[in-house]
Amino acid sequence: MEAFLQSIGYDSWVLPALLIIPLVGAIILLGLSQTADSDAELSGSNARARVIAFVVLLIEFIVSAGLWWSFNPANTGWHAAIDSQWIPMWGIRFTLGIDGIALMMILLTTFIMPLTVLGSWTSIKKKVHAYFAMMMILTSGMLGVFMARDLFLFYVMWEVMLVPMYFIIGIWGGERRLYASIKFFIYTMLPSLLMLVAILYLGIHAGSGGTPNFSYDNLVSHPTLAPRVALWLFGAFFAAFAVKVPMFPFHTWLPDAHVEAPTAGSVILAGIMLKMGTFGFLRFALPLFPGTAMNPTVRAVIVTLAVIGIIYGALVAMVQPDFKKLVAYSSVSHLGFVMLGIFALTLQSVQGALMIMINHGISTGALFLLIGMIYERRHSRAIESYGGIARVVPVFAALLTLVSLSSIGLPGTNGFVGEFLVLVGAFKPYPVFTTIAATGVIFAAVYLLWAIQRILFNPLDKKENEHIPDLNWREIGLMVPFIIVIIWLGVYPAPVLRRMEPSAQKLVTTVTQGAQLGAQAGAPAVAVSVTGAAR
Amino acid sequence: MMLLQIATQAHPLAGTVAKWVWLLPLLPFLGFLINGGISLFSAAHVGPSDPDMGHGHDDSHGDAHAISEAEDHGAHGDDHHAVKPHRYAGIVSIIGPLVLAASFVLAFMIFTTMRSVDMTTPFIQRYFSWMPVGTLQIDAAIQLDQLSMLMVLVITGVGTLIHIFSVGYMREDPGYPRYFAYLNLFVFFMLVLVLGANYPVLFVGWEGVGLCSYLLIGFWFSEKANADAGKKAFIVNRIGDFGFLIAMFLLFSNIGVLDFAGVKAAAPGLAFGGALVTAICLFMFLGCAGKSAQIPLYIWLPDAMAGPTPVSALIHAATMVTAGVYLVARSSFLFSIAPVASLVVALIGGLTALFAATIGLKQWDIKKVLASSTVSQLGYMFVGVGVGAYTAGMFHLMTHAFFKALLFLGSGSVIYAMHAAYHHTGSHEDAQDMRNMGGLRKYMPITWGLMWAATLAIAGIPPFSGFFSKDSILGATFERAGHSTLADASLFGIPGSTLLYLIYVFGVAAAFLTAIYMTRMMIYTFHGPNRTGSAEESHLHEAPWVMTGPLVVLGVLSVVGGWFNLPAIIPIGKIGVLDGWLDPVVGEATRRVAEAGGEAAHGASDELILIVVAVAVAVAGMALAFARLKPQTLVPASQSPEEEGFERVLAHKYYVDEAYEAAVVNPTYQISKRVLWRGIDAGLIDGLLVNGSSALMRGFGWVGSRIQSGAVGTYAWVLVVGVLAVLGAVTLR
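Chains S and Z supply the protein sequences, listed in that same order.
Reminder that position 151 of the first sequence reads as 151 in the working numbering, one-by-one numbering, no gaps.
Reminder that position 117 of the second sequence reads as 1117 in the working numbering, one-by-one numbering, no gaps.
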């Protein structure tokens, strides 16, 4: 496989290709959308749009899959790197490249996207072409975020991804879609603007001869910021990422966005876009400002918020009457584990955080798809409108049970590996916080098992549930890849862990050393500035 | 790592039949895949057009059942449609028990090989790397030693018998393939639990059996109570698992390894009785208390009786619930250097043994009597492993697996007969309430005889198996009270010696109560006049041989099980077989606690006195029950008055469930709902902070409404062109 990839020069074109392919798909879709006149023609054209979208994203996945083999974990530099001029007068370059962390995020994205098209097969009825075009643009934006090595390019991609999601929620969403989409947009846009200011400051600060320099490598290797400045800049990055994660208490956009978004929107939001936040911490916030991020006060605040998020998210999830909202709050809990893992900053905890980022994408994505399937049949997300349907829809029941078990971290499924690694790694630096966080495994069982009991088990006491058709072959087929990954990552995650380990190790080392250097240079200053900022 | 591999290569089991050890768990797993596939495949064909649909294909009517079915009958009409076997019942009946039997045969072959070689170190097989992260190296590996072999034989042996019994018991259930799929999966996880070579792999089995327990308790999930019971079991177990996890984290952050061999090697380096090892052991014991239903986490086990009775026999008596005892014995290298933690284990065990026995006195549901009894007997086992008599604890684990499985399966036969009788007459009486039984000896003589054998065993009447195992625990407790590292330690300022004497007294008292409630159960079920009803009486009969056969085997084992480990004072056969067998695993730890070098405080005469006391107590209990209980005065359950006073407290299990509900469950729910969600989330964050800046929101809302003009295609175009223009700058430059 490696030899074949080498013979076609795979590494030299794969990253730009991954950005271009979905955009080509979007152009084709938008070009075709003009031609429908009659109803019959429209439905035929819609069917064509679905197939095109699926095929394009499938090609995207196949192209990206080569990265699994071409990636060499031993090489801790940038993989498949691209570097060319873009806007020279502002010192902005078009530089792409991935490490082990970005590799897995890209594969997660390209894995989930075609499946979300299958999941939207029948549920999207209006403006089908535009809908799938939005998903294409979104794909490019998300992949761009994972690939960018230039901070300005990163910011462009960050915003590119925001707009299609705004439309997906706002046009194809539920009843309160406008409220949810605007809330989503403003909630994530405002802190992103702060981050833009911070990026501009960094670029100009690092520039020479009047030309800014947004190169990631350059900024990471030259942390020459005054502690007080670093704190403010870190704060701007933190705001943008913390909302995206979302960390408690910046999470309230998420339940609304999830509930109102169409199924595919929820899957993408939870499965991929939430990881933008934690990815941002790993890629930017920590390596750029190691002294600030590892400042004991800052760290303690963030770890506290993470642990609150774990427990709070689980408890609030428990009392939700709406299944989609329940899963949305469970995301707050899961991502709390990720944040704990990142800021505990041991190799195990960071690797665990990365595993949860993947696992949460798989498990929560699958959960939203399943909810979407049952919603299409009964048009209700309320848990109480179900009950006892396991004997009406046994295949659905089996899948929902399995996916839920993976979400609550049953050993043997993917969920356990991530949670275990985060906790085992975080225990040494934070024994008390980790012990509190570990109670999250109890609450996870409470809210999900209780929910699936009320949906699948108990008496079948509602007439309208007695004749729900079970899953069809398309739906079973689109769940199978999820099930395979759930078991695979639970039983044999070693290949994934090995691919990420050098990058995770490098991150831990860089940030730890950077923090020590900073501590030697200006520890008192940071302490002062932190208390200053607190006022 | 290098050392480990050299040891493996030089191991006496290398190259023998033991290399197939991975097949032990894999065979039941294959059974799960086949039966599960059949279950899903056949279920998927029950479409909305199926005439059975309204009645539900998973209906539970063919079966025994704790809960009144009145509502269900109302909803689904009749009793008749479910009484035809599943269409794939034939193949399932073969595969389900066969994979277990094959596993048992293989286990026995490995066992005989182990007996023929001199094996002092465990046989470790490493298959692949599971979680390799830096210094944390967790392998998918199997460890075979005398302790795991004992467990494997009990699990596959008793498991096979229970699988065969299930063929008869569950035959008419519409969920037949699903039942066997779950049961096979359970055995798979149980074998992973006892064969895992490190704590995380053990934990896979540990939570896996919890999952199967959850699925099987809630097997008849259309009853809310059953689904509730399954969920309760899983959640209470998870509370314990939390403790287990913390114990693992403590081990990794302080020792850096999680495999048994590594921890055992590092254990001597830990401070004897230090805070660290005590904390590790106590957190681990929290896990044991959850899995093995000890105070304060025992509450799930009585409810777990909602599952099919063979499940109660296999999971909630013979195997899964003993996993905690196994874990303590497995970690004897830690517990033996943590005397305070060991005292806690023994004390909780003693308290649970006594407490649960009192509950057993006033239960009317035959399975609830046995459930309380199981909790109580598990308490004995913890006394055993707590006082550092690891072999005694494992010995009782084994004999208990025999006689309690027999008691549960026997009660299953009784319920089967009762249910069939009520089924014939269309009565909705409770088939598990002993007040509806009585005089069953006449109709089911084999079951009656076998259950008496098991009752004598559990009551501790010599020479039945339970006598020997219980006596070895009580004897060890008394001996340790006189002289051991535990006696020298203290807990909450109370000397260990005093505590151990107290635990001994608890044990003797519990033995007395055990004899009473077991005799009570036998009298009410099998003796006196029959209360089932005149119409039903003619339909009461012995179960088919596929069910009675396994009972006979278990009956024999319950009688002769004591010969596996005879004490020196009763030399009616080979002495201390099990002691010798387990010595390579727990011998060192046992001697450390007992301080073998020191002088024994009690001699042979003391030992004899202890035996006399134990037997006298058991006989007194049975005699008291025979003298005081009057089955003639009982009336059927539907006509019985509610208990009064303390009896009522006992019947309601001291209202502990209600107390937990009021003190923990409800407040958590209400606070989550009212304070966290409505208050903080919707009120404070969203209401005040987010929507508070509503002017801004309205501004954006206006922009949003412009965007909503419908020309999405145009906007998408703009987006694509914009993105391309930005990216295109690359090529233009």
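Each residue gets a CB set at the ideal place from its N, CA and C atoms; glycine is no exception.
These numbers come from a predicted model, not from an experiment.
Item                                                                                                                             : Value
Euclidean distance between Cα positions of I1575 (chain Z) and G1175 (chain Z)                                                   : 47 Å
When Z:D1118, Z:R1171, Z:S1093, Z:T1120 are compared against N1184 (chain Z), the one with the closest alpha-carbon              : Z:S1093
Partner residues on chain S for G1562 (chain Z), Cβ-Cβ distance less than 8 Å                                                    : Within chain S, no residue comes near G1562 (chain Z); the closest Cβ sits about 37 Å away, beyond 8 Å.
Contact belief for G25 (chain S) with M136 (chain S) at Cβ below 8 Å, rounded distance in angstroms                              : 5 Å
Near-chain S residues of the stretch 1241-1263 of chain Z - C-beta to any C-beta below 8 Å                                       : D1241, F1242, L1245, I1246, M1248, F1249, L1250, F1252, S1253
Per-residue DSSP class, three states only, for D1471 (chain Z)                                                                   : helix
Chain Z contact residues for G412 (chain S), given Cβ-Cβ distances below 7 Å                                                     : V1204, G1208
Classification of E260 (chain S) by the beta-carbon crowding that lies within 10 angstroms, buried from 16 upward                : buried
Buried or exposed (CB count within 10 angstroms, at least 16 for buried), G296 (chain S)                                         : Here residue 296 (chain S) is Pro; the residue named in the question, Gly, does not match the sequence. It is exposed - the Cβ of P296 (chain S) has fewer than 16 other Cβ atoms within 10 Å.
I442 (chain S): contacting residues in chain Z (beta-carbon distance under 9 Å)                                                  : I1235, R1238, I1239, D1241, F1242
Residues of its chain near T1519 (chain Z), where Cβ-Cβ distance is below 6 Å and the 5 sequence neighbours each way are ignored : M1622, A1625
Alpha-carbon to alpha-carbon, G1393 (chain Z) and K1231 (chain Z)                                                                : 29 Å
Identified DSSP bridge partners for R93 (chain S)                                                                                : S:Q85
Proximal chain Z residues relative to V245 (chain S), where beta-carbon distance stays under 9 Å                                 : Simply none; closest approach about 15 Å.
Beta strand (DSSP E) segment containing P1132 (chain Z), residue limits                                                          : 1123-1133
Rounded separation between M1 (chain S) and V301 (chain S) - CA only                                                             : 47 Å
From Z:G1438, Z:R1678, Z:L1724, Z:V1720, residue whose alpha carbon lies closest to that of V316 (chain S)                       : Z:R1678
E1661 (chain Z) versus R1238 (chain Z): straight-line alpha-carbon distance, rounded                                             : 17 Å
Anticipated Cβ contact below 8 Å, T263 (chain S) with G119 (chain S), distance rounded                                           : 5 Å
DSSP-derived helix/strand/coil call for Q1143 (chain Z)                                                                          : strand
Under 8 Å by beta carbon: chain S residues contacting S1213 (chain Z)                                                            : Residues of chain S passing the Cβ test: none, with the nearest at roughly 13 Å.
I186 (chain S) classed as buried or exposed, judged by whether at least 16 other C-beta atoms fall within 10 angstroms           : buried
Beta-carbon proximity check, Y1199 (chain Z) vs M1248 (chain Z), cutoff 8 Å                                                      : yes
Segment limits, alpha helix (DSSP H) that includes P431 (chain S)                                                                : 431-438
Under 8 Å (Cβ pairs) to chain S, residues found in the stretch 1649-1674 of chain Z                                              : T1668, Y1669, I1671, S1672, K1673
Span separating the alpha-carbon of Y1669 (chain Z) from that of V319 (chain S)                                                  : 7 Å
Segment limits, alpha helix (DSSP H) that includes P1462 (chain Z)                                                               : Looking at the DSSP string, P1462 (chain Z) is not in any alpha helix (DSSP H), and its letter there is neither H nor E.
Beta-carbon proximity list for A1637 (chain Z), same chain, < 6 Å, skipping 5 on both sides                                      : D1430, D1433, R1435, N1436
Any chain S beta carbon closer than 8 Å to F1219 (chain Z)                                                                       : no
Bounding residues of the alpha helix (DSSP H) (the contiguous stretch that carries D1433 (chain Z))                              : Counting along the chain, D1433 (chain Z) falls outside any alpha helix (DSSP H), and DSSP gives it neither H nor E.
Expected contact under 8 Å - CB spacing of I28 (chain S) and I52 (chain S) to nearest Å                                          : 6 Å
Candidates Z:A1454, Z:G1549, Z:L1688: closest to M1521 (chain Z) by CA position                                                  : Z:A1454
Beta-carbon spacing of G313 (chain S), N414 (chain S) below 8 Å                                                                  : no
Selection of the stretch 285-312 of chain S by Cβ proximity to chain Z, strictly under 7 Å                                       : Y312
Pick from Z:F1165, Z:I1142, Z:R1628, Z:D1365 that is closest to I1516 (chain Z), judged by C-alpha positions                     : Z:R1628
Contact set between P481 (chain S) and chain Z, taken where Cβ atoms lie within less than 9 Å                                    : Result: empty, since nearest Cβ-Cβ is about 18 Å, beyond 9 Å.
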